[in-house]
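No gaps in the numbering here: position 70 of the sequence shown is 65 in the numbering used here, and each next residue is one more.
I have placed the structure first, in the form of structure tokens, so that the comments after it can refer back to it.
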Amino acid sequence: MNNKDVIIACDFNSKEALYAFLDNFTGKKPFLKIGMELFYAEGPEIVREIKRRGHKIFLDLKLHDIPNTVEKAMSVLSALDVDLVNLHAAGTNAMMEAALRGLTREDGTRPLLIAVTQLTSTDEERMHHDLLIDKTKSLQDVVRYYAQNAKASGLDGVVCSPLESALVKEACGADFLTVTPGVRFADGDAGDQVRITTPAKARELGSDYIVVGRPITQAADPVAAYERCLKEFLGE
Ligand code: C5P
């Protein structure tokens, strides 16, 4: 299951912008992440079209609702034939188990399912103050605990910072996937990301998939940036 790869975060607000970006990639079919912005702008048809074009898709909608609602929603997403979907581990183990039931097709196949533990935009102070999580628990304690919940619920992995990959693998096993955003080239612009690593460092730290947006989508030559990323991450 551990096919290491680079996933391009397609944070565009229209299909036209996405297609113009993809036109650069003649003959290549990168793994793409479609998030809320593009999905809400264009609806499920954008997913069908990208699948028709032969790309793998990580549909990053971070579901979090009552188990019954998440189960039904996941069954709709599964029918779109996406490869990877996610939810918030904070929705409880019952919600994660319901999500897996919803995702599983009649023939037993299903997309991979990963959980958000704590968003990388949540720091320890907000976690204690806004979320009322016990002050004796560190951010790492919570990430580890939520990852273990995800594993116990049958999920395939988590979205986390590359800096948390090692602790997740230690707690949940080497096969438990870590999908990590917050990746920048050593000579690149960090933008609004704070805790960043390079593709090579993410590999070293144990990431299975790196999610890379602006360093590729805003590059003067997106294909060259994607290939550089692949090369540095896969070490080829
Ligand atoms: O442009 P950039 O490389 O920062 O894009 C990273 C992508 O990963 C964005 O789509 C962002 O929403 C997503 N992401 C993140 N941090 C998380 C979860 C998702 O940056 N914790």
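Quick reminder that beta carbons are idealized off the backbone N, C-alpha and C, glycines included.
Given the structure is predicted, the values throughout are model-derived calculations rather than measurements.
Rounded to whole angstroms, the Cβ separation of Asp60 and Lys28 is 21 Å, and the two are not in contact under 8 Å. In this chain, Ile128 is not harboured by any beta strand (DSSP E), its DSSP state being neither H nor E. Assignment of Leu75 by DSSP, reduced to helix, strand and coil, places it in the coil class.
Taking a 10 Å sphere around the C-beta of Lys23, we find fewer than 16 other C-beta atoms and assign the residue as exposed. Assignment of beta strand (DSSP E) within the segment 182 to 213, counting only whole runs of 3 or more residues, yields 204 to 207 in chain order. Taking 8 Å as the cut-off, one finds no heavy atom of the ligand C5P near enough to the beta carbon of Gly86.
Judged by DSSP in its simplified three-state form, Ala215 adopts coil rather than helix or strand.
DSSP places Ile52 within a strand segment (E or B) once states are collapsed to three. Bridge pairing for Lys28: Ala4, Phe53 [DSSP]. When distances are taken from the beta-carbon of Gly186 to the heavy atoms of the ligand C5P, the shortest one is below 8 Å. Val42: member of the alpha helix (DSSP H) spanning 40 to 47, first to last residue.
Excluding five sequence positions before and after Asp151, the CB atoms of its chain that fall closer than 8 Å to its own CB belong to Met(-4), Leu107, Leu108, Ile109, Phe171, Leu172, given in chain order.
By the CB criterion at 9 Å, Met90 and Leu82 fall inside the cutoff.
Our two residues, Ala181 and Lys(-1), have alpha carbons roughly 20 Å apart in a direct line.
For the 9 Å CB-CB criterion, Ala93 and Val111 do not form a contact. Shown here for Thr193: same chain residues with a beta carbon closer than 8 Å to its own, the five before and five after excluded, namely Val178, Arg179, Phe180, Ala181, Glu227 in chain order. Linking Arg121 to Gln188 through their CA atoms gives a straight-line distance of about 17 Å.
Ranking Asp216, Glu37, Asp136 by CA distance to the CA of Asp18 puts Asp216 first. Under the DSSP assignment, Ala166 falls in the alpha helix (DSSP H) whose first and last residues are 160 to 167.
Taking 8 Å as the upper bound for CB-CB distance, Tyr221 and Val71 are not in contact here, some 30 Å apart. The alpha-carbon separation between Arg105 and Leu95 amounts to approximately 8 Å.
Of the residues Ala219, Thr175, Ser160, the one whose Cα lies closest to the Cα of Val206 is Thr175.
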